[in-house]
Amino acid sequence: MNISVLFAALGGAILVWLFLLQRLKTKPWVEQGVIEEGGAVNAAPERVGLWVFLAVVTSLFGLFAIVYNMRSQFPDWRPLPDPGLLWANTAVLILASVALQRARGAVAREDLEGLKPNLTAAGVLTLAFLGGQLLVWRQLIASGYYLATNPADAFFYILTALHGLHLAGGLWFWARAAGAVWKGLESRPVTEVARVRLSVTLCSVYWHYLLLVWLILFGLLLST
Amino acid sequence: MVVAVALILLVLATLAFHFLSPWYFTPLASNWGLIDLTVNVTFIVTGLVFVAANLFMAWCVIRYRHRAGHKADYDPENTKLETWLTVGTSIGVAVMLAPGLVVWGQFVNVPDEAREFEAVGQQWHWSYRFPGDDGEFGNVDIRHITQENPFGMDPDDPTGRDDILIASPIVHLPVDQPMRAWLRSRDVLHDFAIPQFRVKMDLVPGHVSYLWFTPTSVGEYEILCEELCGFAHHTMRGRVVVDERADFEAWLDSHPTFADTMERGLGDAELGQASYALCGACHGQEGQGMQILNAPAIAGMDVEYTARQLRYYRDGVRGTHPEDMVGATMRPIMAAIPDDEAILNVSAYIATMPAQPLEETIFGDVERGERIYGSCAACHGANGEGIWAVNAPALAGLNDWYLAAQLRNFRDGIRGAHPGDLYGDQMMLMADILPSDDDVDDVVAYLNTLSGGTN
Amino acid sequence: MAYVAIADRDQHLHDPDTFITKYIWSQDHKVIAIQYALTAIFVGVVALVLSLLFRLQLGFPDTFNLVDPNQYYQYVTMHGMIMVIYLLTALFLGGFGNYLIPLMCGARDMVFPYMNMLSFWVYLLSVIVLLASFFVPGGPTGAGWTLYPPQAISEGTPGIGGGIVLMLVSLAIFIVAFTMGGLNYVTTVLQARTRGMTLMRMPLAVWGIFVATILGLLAFPALLVAAVMMTLDRVVGTSFFMPEMLSLGRELDYGGGSPILFQHLFWFFGHPEVYIVALPAFGIVSDVLSVHARKNIFGYRMMVWAIVLIGALSFVVWAHHMYVSGMNPYFGFFFATTTLIIAVPTALKVYNWILTLWRGDIHLRVPMLFAIGFIFTFIHGGLTGLFLGNVTVDLPLSDTYFVVGHFHMVMGVSPVLVVFAAIYHWFPKITGRMFNEALGKAHFWLTLLGTYSIYLPMHYLGILGVPRRYYAYGDTDFIPASAQTLNSGITVAALIVAAVQVLFFVNVIWSLWRGPKADPNPWRATTLEWLTPDTPPKHGNWGPELPEVHRWPYDYSVPGEAEDFIPQTEPPHAGVVAGRDHGVHH
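Residue numbers (my numbering), protein chains in the order written: chain A, 1 to 224; chain B, 1 to 455; chain C, 1 to 586.
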C-alpha cells in the first residue's frame, strides 16, 4: 500500500511540475510563430540525463526499501548485529562527498590547483569506503552470517552490493574527469575544459545522492 | 466504406454471438446470484457503449469519407462536449462499480452461522479437513507430515484429535448451509474454484486464505485448480458433492478422525500374512507374479497404494469395465477379504516382501522413453521409486507387460474412468502423452532400466 | 540567456564512413531503430510459432501430440514473455521511439548516441540469453510469464534448472538496455527539441512514447528487484519469496518467504507495462487518424492530459491482478475503485479518436484502416477490462479464458494493429518506397477478422468457466463438447492469421526492392519527420539548417487556406483566421 502512496505522490509531483512549467493548459492551435521556451530545459543534456537516472535509481532503492520493510515484518526475521565498521565507512563516504563538493567549488572558481587535491581525495575516499564495505562483508561471513542464513542478511548483502555498484559506476566517470585534470587543462580547448567542469559538477551531484541513499539504507539497517 | 459496413457487421456478429451462442454461465448452484447480477449490469453498460461507439464510428466513416471537394471541419476541441462525455462515462463507471463494491463487501465478510472446512492443496491433489466436535481445527505443520500423518497434524495439539480427515479429492457439503472454506497449500500456489459457485481464491503456502459460499442445489460439481501449479496443473481436479444435511452428516461420520488414523496406522503385516495365501495362488508366494496367469509381481508395493487398489476391486471401481477382462478376475477374489482393516493388513504384508527379479519382455527405444518419462518423474520419482506424498506408486519393480497394459488402459479409458477412482482421471489425462503403443513400449522399456532407489 | 535548443548547439555527430559504422555499429537513431525493430519482429515471429504449437494442442488435443505438458507450459511462458517485453516494449520504444523522437522533435539525433547504440546491443544480448534457454538441459522455464514463485523455482515446473535463471538474467539485461534507451528518449524530448517545438506542440506520438518511457524507467526497477531476489532464492537458497514447503514429497530448505510479495512487485511493474505498450500505441494512432482524416486530433489538450493521467494512475492499480491471490481481501475495494477511475481518461481518448473522424475527410488508406481496426478492438478490449477490474466481476472470470481473450484483445491485437498502421504509415519515409496498397488491404482484412474470431469466442469460454493454462481438459462435466469444437475453430483462425502475416513480409520485401519511389510527404502530413530534405532521411536528419516550428502539429483543413494541411515549419500567414479558437464547421 505504501508503494502506491509513494508513487501517487511522485506522479502527482511530476504532473504539477508539468502544469506549472510547461503550461499544459495552453491552446497550441491558437498561438503561432516561434515560442521561446525557457526555464529548466535550458541545461546540459548530461545534467538532465543524470537527474532522470537518479529518478530511476530512486525507484530501484525505494522499492528495495519497501520490500525490506515488508519482509522484515515476517516472524523469521533475525536482524544482523550492527558492525561498528559501518559507522567508520559512513564517515569516509561523507568525507568523499565533502571533497567533491570542494572540487566543485574549485571548478566553479576556475581554481585548478584547488581542484586536483580535492578530486583525488574524493576518489581515494570512495575507494576506501568500498574497501571498508568489503571488510564488513568479511567480518560478517567470518561470524557466520551468510547470504542465505536469513533474509535480513541477504538484504544487507544485496543493498550494500547494489549501492557499491552504483558508486563504482560513478568512479568510472570520476576517473575520466580526474585523468583529464591530471594531464593538465591549461592547454586544452575551451569546450573540453567545459566538459570536465560539467563532469566534476555532475559527479558531486551523484555522490551526494548516493550518500543520501546510503544514509537512508544505513538507517533502515539500524532500525531493524 | 467497406470498413464501415464491416464495423456494423462486426457489431451485429458480436451481439449475435452473445445472445445465440450456447456458451455462457453454467447454472448457478450457490448463493452468489449477486455476482451474476453484477456481471449482467456490466454487460448492459459496456454493451451499450460498445454498440453506440462502434455504430457512431461506422456512421462517421460513411458520412465523412473522402469525396472530391469535401473538406474537413477545423475543430480543435469542444470543452462542453468533452465535459458531458466525462460526466456520462463517470456515471456509467459508477453504475458498475457500486454493486461491485457492495457484493465484494459481502464476499469479504463471512456470516457468523457459516460452518467451516479446510481445503488443502498440493501438487496435484486436493484433500479436506473438518473440525471435529470441538469446532476447532488443530495445528498443522508440514514438518509433521509422514505417511501415517499426511495432513501434518500436530500430535501434541488436543484440538486436532477430533479433526475429521478426508484423504480424497471428493468432499461433501450440506445444502443451504453457509460454508467458509479455509484454503491451505503445502507446496506452491493453487486456486480453489468451482465454476457453478462463481467464487474462487488462491491457496498460498505459508498463509491461509478463505472464501465462503452457500451451496443451494444438491448435486456434484468439479473443483478446479485455477492457478498454474506445475506441468500437471490441468490434472488437479476435485469434486464437491452437495448433499441433504442428513446425508452429509452420515458421510462426515464415515470418515476417521485424526485420532482414528493414528490408532489404525498402516496395517499389521503379521496379520496380513495369513490372508496372503489366497493371493499367492496367482501372484506367487514370494509375490513374484506369473505372467501366464496375467498376475503381476506385487512384492514390495506401497501399502496405501495396494490397499486402495484392493478396495477399488472390492467396490467395483476397478475391474468392472467391460474391456478389463484381466481386472475382472480380481473381483471375486476380493470377496474373501471384505473389510478395510484386512485389506490394509494384507497390503502391509505385501509391502514387506522383498522385490523379486523380473524378466524383461518389452524392448523399446529407451532414450525416447526417458524423454517421455520426464513428464512422469515428478510424481513417480526420477528412479521410478514412487512418492507416497503425492499418492504415486513405485513403477520400478513392476512387470513391464503389466505396466504397458495399465498405461494403455488409462489412455483408452478402461481404467481410471470410474468416478470412485480418486486419482484415475489424473492418470487418464497424463496418459494422453502416450498416443501410440510405441510410446507406451518406449517408456516401459525405460522403466525397465530404473532401479527404484532414491539416489 | 535566450533559449538555445540543444539541437542547435555544436553537437558532434560521429560521421560514419564504413559499412560497419553505418549499418551495424551505428550511432544513428534511425539505424538503431531499424535494428531494434528487426530484432523485435524476429523474436515476435518465434513467439508466434510457439503459440501455434500450443494452439494445435488445445484445438486438437488427441490429433497432433506435438507438445507434451512440459513443452506446453514452456511455450506458453515464452510466448507471453517474448510478446510483452521483447516484442512490444522493444518495438514501440526501441523501434518507433528511436525513429520518431528525433525526427518529430526536430533533433539531429538522440542526445547520447553512443549510449543509444549500446542500448540496442545490450537488448540483443538479452534476446540471445533468452533464446539460449531453449538449449539448456531442462529447457526454458514453464512457470507462466508471471513467473510466480514458489512454482517458478520448485520441482514440478519445467525449466527450473538453467531455464528460469536465464530468463531472470535476460530480464535484468533487458532492463539495463531499456534504461539506457529510456534515458535517451526522455532527455531528448526534454532537451533536444528544435526552436519553437514547445511541449504542447509535440505530436501525440511523441507524448505517448515520452510518458511510456517515464513509466518504464520507474516501473522496470520493480521487475529488477523481483528478478534479483528470485535469482538468489533459486541459486543461493535465500527465502525472500519461498515459504516452507513440502515439494513433491521433499521438504525444501526454504522457510518464511512470501510468494505474495513477489506478486506485488511483479504487478507493480506489470500493470504500468500494459501502458508502456498502450501509450505509444495511443499516440501513434492519434497521429495516423489525424493525418488520414485530414482533421486535427479532437481535443489535443485532453489527449495530452489523459496520457499523463493514465500514466500516473497506472501505478496505483496493480493489485487488480491479485483480487483472488489470497492477499488481504480488503485491498479489493481500493484497487477496484482506482482501476475503474482509470477507465475514464481512457474512454475519453477513444471518444476523441472517433470525434476526430467526425466531420473529417476520411481517406481510407491502409494505415487508416489499421487505425480504425484498432479503435474497434481497443473498444472491445477496454470494455472487457471493466469486467476484470471490477473486483466482484473478476471473481468468476479471473484465471479463465475471459482473461486470455481480454488481454490479447487489448494488449495483443490492438497494439499490433497500431504497429502495422505505423509501419505502413511511415514506410515511405523510412524506405523511400511505397508499399503495395492491395496487399496491405488484404493483410488488414484477414488480420482484423481473423484475430476477432480468435479472441471474441475466448471470452465466452471464460464465462463458461474454462480455466486458462490447461494443457488438456479431459472429461469435465460443465464444459460441453461444443466448447472443444469452438477451441478447434479458434486454432484454425489462429493458423490463418499467422499465415496471412506472410502478406505483410512479402509486401515489405517486395516494396523495398520494386516499390515505386515515394513522395517525401505522400500523406501530406504536417509533422517534421515528413519535412526532411532527404527521403529516407540522411545521418543528421536535417541538412545544414534545423527546422523551426511555428505551429502545432494538427493544422489540417484550416479554414481559408488553399491546402488542407500546413506544415509545422510554416510561419504564420498574414491575417489571423477568425474562429481558430472555436473551430469552424462547414
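In this text, a Cβ means the ideal position worked out from N, Cα and C, and glycines have one as well.
> If you draw a straight line from the C-alpha of residue 77 of chain C to the C-alpha of residue 186 of chain B, how long is it?
Replying inline: Cα to Cα, the separation comes out at about 24 Å.
> residue 140 of chain B by DSSP, collapsed to three states: which one?
Replying inline: Three-state DSSP puts residue 140 of chain B in a strand.
> Between the C-alpha atoms of residue 3 of chain C and residue 537 of chain C, what's the straight-line distance to the nearest angstrom?
Replying inline: Confidence in residue 3 of chain C is poor, its pLDDT being 38 and thus under 50, which makes the residue's placement too unreliable to answer from.
>> With a threshold of 8 Å between beta carbons, is residue 77 of chain A in contact with chain B?
In response: It does not: the Cβ of residue 77 of chain A has no partner Cβ on chain B nearer than 8 Å.
> In this structure, what does DSSP give as the bridge partners for residue 200 of chain B?
Replying inline: DSSP lists B/193 as partners of residue 200 of chain B.
>> Run through chain C and tell me which residues come within less than 8 Å of residue 148 of chain B, C-beta to C-beta.
In response: Simply none; closest approach about 15 Å.
> At a cut of 8 Å, does the stretch 300-311 of chain B reach the stretch 343-353 of chain B through at least three beta carbon pairs?
Replying inline: Yes, they touch.
>> Helix, strand or coil for residue 376 of chain B? Go by DSSP, reduced to three states.
In response: It is helical.
>> What does the alpha-carbon distance come out to for the pair residue 207 of chain A and residue 47 of chain B?
In response: Their Cα atoms are separated by approximately 56 Å.
> Could you check where the beta strand (DSSP E) with residue 211 of chain B kicks off and where it finishes?
Replying inline: Residues 208-213.
>> So, for residue 224 of chain A: in the same chain, excluding its five sequence neighbours on each side, which residues have a beta-carbon less than 6 Å away from its beta-carbon?
In response: Annotation for residue 224 of chain A: 72, 79 place their beta carbon closer than 6 Å to its own, counting only its chain and skipping 5 residues before and after.
>> What residue range does the beta strand (DSSP E) around residue 126 of chain B cover?
In response: Looking at the DSSP string, the run of the beta strand (DSSP E) that includes residue 126 of chain B is 125-130.
> Alpha carbon to alpha carbon, what distance is there between residue 243 of chain B and residue 250 of chain B?
Replying inline: Roughly 10 Å separates the two Cα atoms.
>> Per DSSP, what are the beta-bridge partners of residue 225 of chain B in this structure?
In response: DSSP lists B/192 as partners of residue 225 of chain B.
> I think residue 550 of chain C touches residue 34 of chain A, with their Cβ atoms under 8 Å apart; what is that distance to the nearest whole Å?
Replying inline: Right, their Cβ atoms sit about 6 Å apart.
> Going along the stretch 193-214 of chain C in order, which residues come within less than 7 Å of chain A, judged by CB to CB distance?
Replying inline: Those residues of the stretch 193-214 of chain C placed with their C-beta closer than 7 Å to a C-beta in chain A are 195, 196, 198, 199, 200, 201, ordered along the chain.
> Candidates C/355, C/179, C/314: which alpha carbon is nearest residue 76 of chain B's?
Replying inline: Relative to the Cα of residue 76 of chain B, the nearest Cα in the group C/355, C/179, C/314 belongs to C/355.
> Is it true that the CB of residue 482 of chain C sits closer than 8 Å to the CB of residue 155 of chain B?
Replying inline: No; because the gap between Cβ atoms is not below 8 Å, this pair is not in contact.
>> Just verifying my parser: in three-state terms, what is the DSSP assignment at residue 39 of chain A?
In response: Because residue 39 of chain A sits at a pLDDT of 39, beneath the cut-off of 50, its placement in the model cannot be relied upon, and the point is left open.
> Cα-Cα, which of C/205, C/267, C/234, C/392 is closest to residue 218 of chain C?
Replying inline: When C-alpha distances from residue 218 of chain C are compared across C/205, C/267, C/234, C/392, the shortest belongs to C/267.
>> Give me, in chain order, the residues of the same chain whose beta-carbon lies closer than 6 Å to that of residue 13 of chain B; leave out the 5 immediate sequence neighbours on both sides.
In response: So the list is empty, once near-sequence residues are dropped.
>> Can you find the residues in the same chain that come closer than 8 Å, C-beta to C-beta, to residue 453 of chain C, ignoring five residues on each side of it along the sequence?
In response: Excluding residues within five positions, the ones whose Cβ falls inside 8 Å are 489, 490, 493.
>> Beta carbons nearer than 8 Å to chain A: which residues of the stretch 548-563 of chain C have them?
In response: Going along the stretch 548-563 of chain C in chain order, one finds 548, 549, 550, 551, 552, 554, 555 with a Cβ nearer than 8 Å to chain A.
> With a cut-off of 8 Å, does the C-beta of residue 572 of chain C fall near any C-beta of chain A?
Replying inline: Output row for residue 572 of chain C: interface = yes.
> What distance in whole Å lies between the Cβ atoms of residue 310 of chain C and residue 275 of chain C, which are believed to be in contact at a cut-off of 8 Å?
Replying inline: Sure, about 6 Å apart at Cβ, within 8 Å.
> Where are the alpha helix (DSSP H) runs, 4 residues long or more, that stay fully inside the stretch 385-436 of chain B, in chain order?
Replying inline: Inside the stretch 385-436 of chain B, DSSP marks whole alpha helix (DSSP H) runs of 4 or more residues at positions 400-411, 424-430, from first to last along the chain.
> Taking the C-alpha atoms as reference points, what is the distance between residue 265 of chain B and residue 223 of chain C?
Replying inline: Looking at the two C-alpha atoms, the distance is approximately 49 Å.
> Is DSSP giving residue 336 of chain B helix, strand or coil here?
Replying inline: Coil at residue 336 of chain B, not helix or strand.
>> At the level of alpha carbons, what is the spacing between residue 441 of chain C and residue 431 of chain C?
In response: Approximately 20 Å between the Cα atoms of the pair.
>> On the DSSP letters alone, give me the boundaries of the beta strand (DSSP E) that residue 45 of chain A sits inside.
In response: That residue, residue 45 of chain A, is in no beta strand (DSSP E); its alpha helix (DSSP H) goes 45-71.
>> Quick check on residue 254 of chain C: does DSSP put it in helix, strand or coil?
In response: Looking at residue 254 of chain C - three-state DSSP - the assignment turns out to be coil, as it is neither helix nor strand.
> Comparing the C-beta of residue 71 of chain A with each C-beta of chain C, is any distance below 8 Å?
Replying inline: At least one chain C Cβ lies under 8 Å of residue 71 of chain A.
>> Let me confirm a value: residue 16 of chain B is counted as buried when at least 16 other C-beta atoms fall within 10 Å, else exposed. Which label applies?
In response: Its Cβ having fewer than 16 others within 10 Å, residue 16 of chain B is exposed.
> Got a sec, what are the start and stop residues for the beta strand (DSSP E) residue 172 of chain B sits in?
Replying inline: It spans 170-174 - the beta strand (DSSP E) in which residue 172 of chain B sits, taken as one unbroken run.
>> I'd like to know if the stretch 156-167 of chain B and the stretch 127-144 of chain B are in contact, where contact means that at least 3 CB-CB pairs between them fall below 8 Å.
In response: In this structure the stretch 156-167 of chain B lies against the stretch 127-144 of chain B, because at least three pairs of beta carbons, one per stretch, are closer than 8 Å.
>> Looking at chain A, is there any beta carbon in it that lies within less than 8 Å of the beta carbon of residue 222 of chain C?
In response: Cβ-Cβ to chain A under 8 Å: yes for residue 222 of chain C.
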